[in-house]
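Shown next, in structure tokens, is the structure this report addresses.
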Amino acid sequence: MNKQIISFPKDGKPSLIPNEWQVWDGEHDEGGIPDLEHGMHKVLGPFHWWITRYKNPDIIHRANQGEIGVWFSADDDILKHADIIEAGKSLWPVVGAHFPIFRDGRSFSTAALLRDRFAWQGEIRAIGDVLIDQLLQGARVGFDAFELRADQNLDVALKQFDLFSVVTQNSWRDQRATIAAS
Amino acid sequence: MYKYDHIDQTLVDQRVIQFRDQVERRLNGTLAEEEFRPLRLQNGLYHQRHAYMLRVAIPYGLLNAKQLRTLALIADKYDRGYGHFTTRQNIQFNWVELEQTPDILAELAKVEMHAIQTSGNCIRNITSDAFAGVAADEYIDPRPICELLRQWSTLHPEFAHLPRKFKFAINGAKEDRTVLLCHDVGIELKKNPNTNNGELTADIYAGGGMGRTPILGSLIKSHVPWQILPSFLTALLRVYNRFGRRDNLYKARIKILVKALGPEEFARQVEGEWNQLHNDIKQSKDNFTQAEWERVAKHFTKPNYRALTALSNEQLQSHADSKLNSSEKIGFTRWLERNVKPHQVPGYASAILSLKPHGSAAPGDATSTQMNAIADLADQYSFGELRVTHEQNLVLADVEQAELLNLWRAAKNYNLVLPNIGLLTDIIACPGGDFCSLANAKSLPIAKAIQERFDDLDYLHDLGDITLNISGCINSCGHHHVGNIGVLGVDKDGEEWYQITLGGDQGNDASIGKVIGPSFYANEIPDVMSSLINTYVEQRTADEPFIDTYRRLGVAPFKEAAYRNNGKHSKESSKGAIA
Chain A
0 MNKQIISFPK DGKPSLIPNE WQVWDGEHDE GGIPDLEHGM HKVLGPFHWW
50 ITRYKNPDII HRANQGEIGV WFSADDDILK HADIIEAGKS LWPVVGAHFP
100 IFRDGRSFST AALLRDRFAW QGEIRAIGDV LIDQLLQGAR VGFDAFELRA
150 DQNLDVALKQ FDLFSVVTQN SWRDQRATIA AS
Chain B
0 MYKYDHIDQT LVDQRVIQFR DQVERRLNGT LAEEEFRPLR LQNGLYHQRH
50 AYMLRVAIPY GLLNAKQLRT LALIADKYDR GYGHFTTRQN IQFNWVELEQ
100 TPDILAELAK VEMHAIQTSG NCIRNITSDA FAGVAADEYI DPRPICELLR
150 QWSTLHPEFA HLPRKFKFAI NGAKEDRTVL LCHDVGIELK KNPNTNNGEL
200 TADIYAGGGM GRTPILGSLI KSHVPWQILP SFLTALLRVY NRFGRRDNLY
250 KARIKILVKA LGPEEFARQV EGEWNQLHND IKQSKDNFTQ AEWERVAKHF
300 TKPNYRALTA LSNEQLQSHA DSKLNSSEKI GFTRWLERNV KPHQVPGYAS
350 AILSLKPHGS AAPGDATSTQ MNAIADLADQ YSFGELRVTH EQNLVLADVE
400 QAELLNLWRA AKNYNLVLPN IGLLTDIIAC PGGDFCSLAN AKSLPIAKAI
450 QERFDDLDYL HDLGDITLNI SGCINSCGHH HVGNIGVLGV DKDGEEWYQI
500 TLGGDQGNDA SIGKVIGPSF YANEIPDVMS SLINTYVEQR TADEPFIDTY
550 RRLGVAPFKE AAYRNNGKHS KESSKGAIA
């Protein structure tokens with residue numbers, strides 16, 4: 000995992016910040032949340048794990064402490080679990096959306112739905128096979144944090160957000176420039 | 000014609016900078032080829048059999064003379080002196096260098112052109128009627144909607160990595176010249192006093208396509224007000240992006256999703272998503288506004304037509320007769336009959352320049368000399384504009400009828416007046432195995448052999464309307480499924496074979512052709528064509544087009560004729576016979 004992530008708040012500037020969240024796949028540590036006594040103590044667990052544990056008092060306690068968020072896999076049909084997500088909104092400081100491979104764009108729609116449909120105001124972090132050339136699209140559909148794949152050059156990555164000063168369709172971040180021109 | 004404002008211009012200029020950086024990272028090794036591939040494809044850059052190929056966008060097929068001259072310049076400076084116009088109204092250059100592509104894009108940006116989304120798993124360049132704005136049978140000029148949707152789809156962030164490529168076509172005329180139902184989404188524009196207060200609406204067809212599973216699109220929503228198209232199409236694409244198959248390349252197109260769910264269920268899911276978008280996005284901020292319409296539509300007003308009297312073909316011929324020798328007379332008469340199309344404005348016509356010379360160039364190819372000449376012709380005779388057709392020809396859309404003879408004479412010098420539009424030799428063909436790394440077989444030598452076999456224009460004119468489409472592989476870039484006669488290159492044990500389909504059709508009675516039986520060797524194809532055509536000639540009733548004869552009789556007599564001489568050619572003698 001990366002020690003740094005790119006944070007790009009909706010009304011702010013992109014910058015590198017320390018990564019406080021460990022992405023956990025839900026498979027290891029014998030079904031429990033990993034022991035994070037040392038180093039980071041916040042964990043993003045898979046949504047499918049949350050679905051079966053969200054009534055567990057210990058989990059809820061830790062969530063209330065701000066230590067647990069969830070990440071959605073590209074396969075997760077988030078609209079099918081709208082009630083759980085609505086309830087989770089008050090518990091999770093951060094949600095993630097996973098890219099199994101950079102050219103799989105399902106998580107773009109997940110982020111758009113989280114912003115449009117669920118009115119999710121907190122952080123949405125891109126995780127998984129996140130490469131430099133997806134950052135622009137991600138930033139526009141609703142992602143405001145990016146944990147890039149470890150081999151990516153973060154300095155080159157940071158420059159991506161300045162490439163375009165105009166856009167021709169609305170997104171979470173901007174209104175299309177063509178409206179203003181009309 | 001649409002003119003870029005500073006927003007469009009800024010976007011294409013910044014896109015050049017973005018792609019230049021991506022190419023640099025590829026060349027210095029920090030971007031792996033596998034990761035560069037989708038990026039270059041979204042910029043129309045393929046790696047073909049021998050070289051890189053760059054596909055340049057020609058939105059809805061509309062070009063001006065200056066742009067065509069730039070394409071000629073690119074052909075000369077960066078390629079081998081020619082370009083290839085495609086069935087989706089774009090142009091491709093077959094021999095470009097990776098290192099030079101950013102410079103080519105910079106040349107294009109100077110004349111309001113680009114290569115954005117001409118390939119890749121994203122929303123591709125939108126196609127429309129090559130006769131938009133001038134066709135006599137048009138009820139709505141589709142170009143403002145085409146342009147609004149071009150802008151909406153350009154670098155759309157949510158749909159940058161769809162399961163597969165995604166193609167729109169938009170029609171606004173009685174006769175469909177867009178192969179509407181063979182697109183992922185076909186938009187049929189309507190204007191009816193009984194719906195939406197007589198405002199423009201769209202009927203949306205989804206799930207059409209060719210490829211290995213040819214399917215005609217299904218109507219999934221009628222009367223969508225034009226203002227709502229962005230949110231409706233967002234809903235539609237969002238359903239596809241989330242649920243389109245990604246496990247199998249061949250099952251990833253939207254047609255497979257629509258078929259698997261059923262058009263009704265697909266429509267229901269889109270409708271559900273769309274309703275939510277309406278509710279969630281305050282006052283539907285995605286909707287197109289009247290101000291946007293006006294900003295775009297003002298570019299598609301009529302050119303400065305003169306008040307002229309309409310002339311009949313007979314009048315045009317009799318005027319021309321005194322100026323032409325006898326062989327020219329025949330040529331001009333045929334050209335008027337086949338290559339000149341009626342116009343909305345009296346005294347004007349649209350002239351199609353054939354890019355299908357018999358046997359001497361690949362269908363759709365134009366040399367830089369021809370491109371420069373056509374640009375001059377456009378300036379002189381057609382308000383400096385031209386169009387690319389789905390059949391890979393070029394159109395001068397606004398020619399004064401009285402100037403047709405002068406245009407014909409000038410274009411004749413550049414081998415552009417073959418009167419074969421809509422005839423058997425007006426072949427649609429993909430580049431095939433000569434260029435394309437996907438192809439199983441060659442297309443171009445087959446097209447050439449057929450054009451050489453059927454070189455008699457008297458005979459071709461007597462045969463009348465027949466479409467013949469050739470694809471070098473199952474991806475169907477040559478649209479063989481919708482040719483009255485289709486030829487598909489197939490690979491069997493490392494050898495090139497050709498399968499024949501019959502009964503395909505584009506237009507309002509669009510249909511998918513049916514395979515007639517086992518495939519043939521390359522050198523059998525001209526004889527097979529002769530057998531099919533002879534059967535038609537023997538069986539047709541007066542004035543009955545090929546497709547109607549086929550529909551009346553079915554496949555049996557054609558099949559029997561095609562296989563009558565099967566086996567005449569030995570395997571050995573046929574190898575590479577047409578190469």
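Chains as they are written, first to last, in numbering that gives the first Met the number 0: chain A, 0 to 181; chain B, 0 to 578. Ideal placement from N, C-alpha and C gives every residue a C-beta, glycine not left out.
Using the C-alpha atoms, what's the distance from lysine 158(A) back to lysine 41(A)?
Taking the first sequence and counting its residues from 1, the one referred to as residue 41(A) is at position 42. Taking the first sequence and counting its residues from 1, the one referred to as residue 158(A) is at position 159. Near 29 Å, if we compare the C-alpha coordinates of lysine 158(A) and lysine 41(A).
Buried or exposed by the 16-neighbour rule on C-beta atoms within 10 Å, applied to tyrosine 520(B)
Taking the second sequence and counting its residues from 1, one reaches residue 520(B) at position 521. Per the 10 Å Cβ criterion, buried.
Can you tell me whether aspartate 140(B) is buried or exposed? The criterion is at least 16 other CB atoms within 10 Å of its CB, across all chains shown.
Taking the first residue of the second sequence as position 1, residue 140(B) is located at position 141. Flag for aspartate 140(B) reads buried.
Using a Cβ-Cβ cut-off of less than 8 Å, give me the residues of the segment 242-267 of chain B that come near chain A, in sequence order.
Arg245
Determine the burial state of serine 569(B): buried for a count of at least 16 other Cβ atoms within 10 Å of its Cβ, exposed for fewer.
As a first step, residue 569(B) is located in the second sequence; it is residue number 570 there, counting from the start. Confidence at serine 569(B) is low in this model, with a pLDDT of 40, below 50, so its placement is unreliable and the value that follows should be read with caution. By the 10 Å Cβ count, serine 569(B) comes out exposed.
Within 7 Å of any Cβ in chain B, is that where the Cβ of aspartate 74(A) sits?
The residue given as residue 74(A) occupies position 75 in the first sequence. Answer no: the Cβ-Cβ gap between aspartate 74(A) and chain B never drops below 7 Å.
Mind listing the chain E neighbours of asparagine 152(A)? Cutoff is C-beta to C-beta under 7 Å, in chain order.
The chain inventory of the structure shown lacks chain E, comprising the protein chains A and B.
Use the C-beta contact count for alanine 149(A): other C-beta atoms within 10 angstroms, 16 or more gives buried, fewer gives exposed.
Indexing the first sequence from 1 puts residue 149(A) at position 150. Answer is exposed; the Cβ neighbour count stays below 16.
In whole angstroms, what is the alpha-carbon distance linking alanine 176(A) and aspartate 375(B)?
Start at 1 with the first residue of the first sequence, and residue 176(A) comes out as number 177. Start at 1 with the first residue of the second sequence, and residue 375(B) comes out as number 376. C-alpha separation (whole angstroms): 36 Å.
Identify the residues that DSSP records as bridge partners of isoleucine 4(A): which are they?
Against the first sequence, residue 4(A) aligns to sequence position 5. According to DSSP, which records beta bridges pairwise, isoleucine 4(A) is partnered with Ile16(A).
On the DSSP letters alone, give me the boundaries of the beta strand (DSSP E) that valine 184(B) sits inside.
Along the second sequence, one-based indexing puts residue 184(B) at 185. Start and end: 184-190.
Counting C-beta neighbours from all protein chains within 10 Å, is the total for serine 194(A) 16 or more, i.e. buried, or is it exposed?
A query on residue 194(A) cannot be resolved here, the shown segment of chain A reaching from 0 to 181 and no further.
Applying the 10 Å Cβ sphere with the 16-neighbour rule, what's the burial state of isoleucine 16(A)?
What you label residue 16(A) is simply residue 17 of the first sequence in a count that begins at 1. By the 10 Å Cβ count, isoleucine 16(A) comes out exposed.
Considering only residues of the same chain and omitting the five flanking positions on each side of tryptophan 334(B), which have a CB-CB separation below 7 Å?
Here residue 334(B) corresponds to residue number 335 of the second sequence, with the count starting at 1. Trp407, Val416, Pro418, listed in sequence order.
Valine 165(A) touches chain B at which residues, Cβ-Cβ below 7 Å?
On the first sequence, position 166 is the one that residue 165(A) refers to. Simply Ile6, Thr9, Leu10.
Find the residues of chain B that neighbour threonine 177(A), judging by a C-beta separation of less than 7 Å, and give them in chain order.
On the first sequence, residue 177(A) is found 178 positions in, with the first residue counted as 1. Those are Ile6, Gln150, Glu291, listed as they occur along chain B.
Please list the segments of the beta strand (DSSP E) lying wholly inside the segment 82-164 of chain B, counting only runs of 3 or more residues, in order along the chain.
90-95
Assigned exposure category for threonine 300(B) - 16 Cβ within 10 Å defines buried:
If you number the second sequence from 1, residue 300(B) lands on position 301. Threonine 300(B) comes out exposed.
Please name the residue, chosen from Cys121(B), Lys250(B), Lys355(B), Val22(B), that lies closest to aspartate 454(B) on a Cα-to-Cα basis.
Start at 1 with the first residue of the second sequence, and residue 454(B) comes out as number 455. Among Cys121(B), Lys250(B), Lys355(B), Val22(B), the Cα nearest to that of aspartate 454(B) is on Lys355(B).
Rounding to the nearest angstrom, what Cα-Cα distance links phenylalanine 163(A) and threonine 9(B) in this structure?
For the purposes of this step, residue 163(A) is taken as the residue at position 164 of the first sequence. For the purposes of this step, residue 9(B) is taken as the residue at position 10 of the second sequence. So the alpha carbons of these two residues sit roughly 8 Å apart.
What ranges does the beta strand (DSSP E) occupy inside the segment 374-447 of chain B, keeping only unbroken runs of at least 3 residues that lie completely in it?
384-387, 393-399
Measure the Cβ-Cβ separation of cysteine 472(B) and leucine 437(B) and say whether it is below 7 Å.
Numbered from 1 along the second sequence, position 473 holds the residue referred to as residue 472(B). Numbered from 1 along the second sequence, position 438 holds the residue referred to as residue 437(B). Yes, these two residues count as a Cβ contact at 7 Å.
Quick one, are the C-beta atoms of leucine 130(A) and phenylalanine 101(A) less than 7 Å apart?
Numbered from 1 along the first sequence, position 131 holds the residue referred to as residue 130(A). Numbered from 1 along the first sequence, position 102 holds the residue referred to as residue 101(A). Taking 7 Å as the Cβ cut-off, leucine 130(A) and phenylalanine 101(A) qualify as a contacting pair.
In terms of residues, what are the limits of the beta strand (DSSP E) holding aspartate 364(B)?
Taking the second sequence and counting its residues from 1, one reaches residue 364(B) at position 365. Run containing aspartate 364(B): 364-366, per the beta strand (DSSP E) assignment.
Contacting residues, own chain, Cβ-Cβ under 8 Å from valine 178(B) (five flanking each side not counted):
Counting from 1 along the second sequence, the entry for residue 178(B) is found at position 179. Closer than 8 Å at Cβ, skipping near neighbours: Ala168, His389, His478, Val481, Gln505, Ala509.
Taking Cβ-Cβ distances shorter than 8 Å, what residues in chain B pair up with arginine 102(A)?
Within the first sequence, the letter at position 103 stands for residue 102(A). The answer, in chain order, is Pro37, Asn120, His160.
Starting from the beta carbon of arginine 107(A), find every residue of chain B whose beta carbon is closer than 9 Å, and list them in chain order.
For this step, residue 107(A) is matched to residue 108 along the first sequence. Arginine is not the amino acid found at residue 107(A); the sequence shown has phenylalanine there. Those within 9 Å of phenylalanine 107(A) in chain B are Pro156, Glu157, Phe158, Ala159, His160, Asn240.
Mind checking who threonine 500(B) pairs with in its DSSP beta bridge?
In the second sequence, counting from the first residue as 1, residue 500(B) sits at position 501. Threonine 500(B) is bridged to Gly485(B), Val514(B).
Leaving out five residues before and five after arginine 19(B) in sequence, what residues of the same chain have Cβ atoms less than 7 Å from its Cβ?
Numbered from 1 along the second sequence, position 20 holds the residue referred to as residue 19(B). Excluding positions up to five away in sequence, the list reads Pro101.
Excluding sequence positions up to five away, which residues of its chain have a Cβ less than 7 Å from the Cβ of lysine 76(B)?
In the second sequence, the residue the question calls residue 76(B) occupies position 77. Closer than 7 Å at the Cβ level, and outside the excluded window around lysine 76(B), lies no residue.
Determine, using beta carbons only, whether aspartate 102(B) comes closer than 7 Å to chain A.
One-based indexing of the second sequence puts residue 102(B) at position 103. It does not: the Cβ of aspartate 102(B) has no partner Cβ on chain A nearer than 7 Å.
Could you compute how far the alpha carbon of tyrosine 53(A) sits from the alpha carbon of glycine 137(A)?
Numbered from its first residue, the first sequence carries residue 53(A) at position 54. Numbered from its first residue, the first sequence carries residue 137(A) at position 138. One C-alpha to the other measures close to 28 Å.
Candidates Asp457(B), Ile524(B), Lys491(B), of which the one nearest glycine 485(B) by Cα:
For the purposes of this step, residue 485(B) is taken as residue 486 along the second sequence, with counting starting at 1. Residue Ile524(B) is the option with its Cα nearest to glycine 485(B).
Within 8 Å, do at least three Cβ pairs link the segment 257-274 of chain B to the segment 233-240 of chain B?
yes
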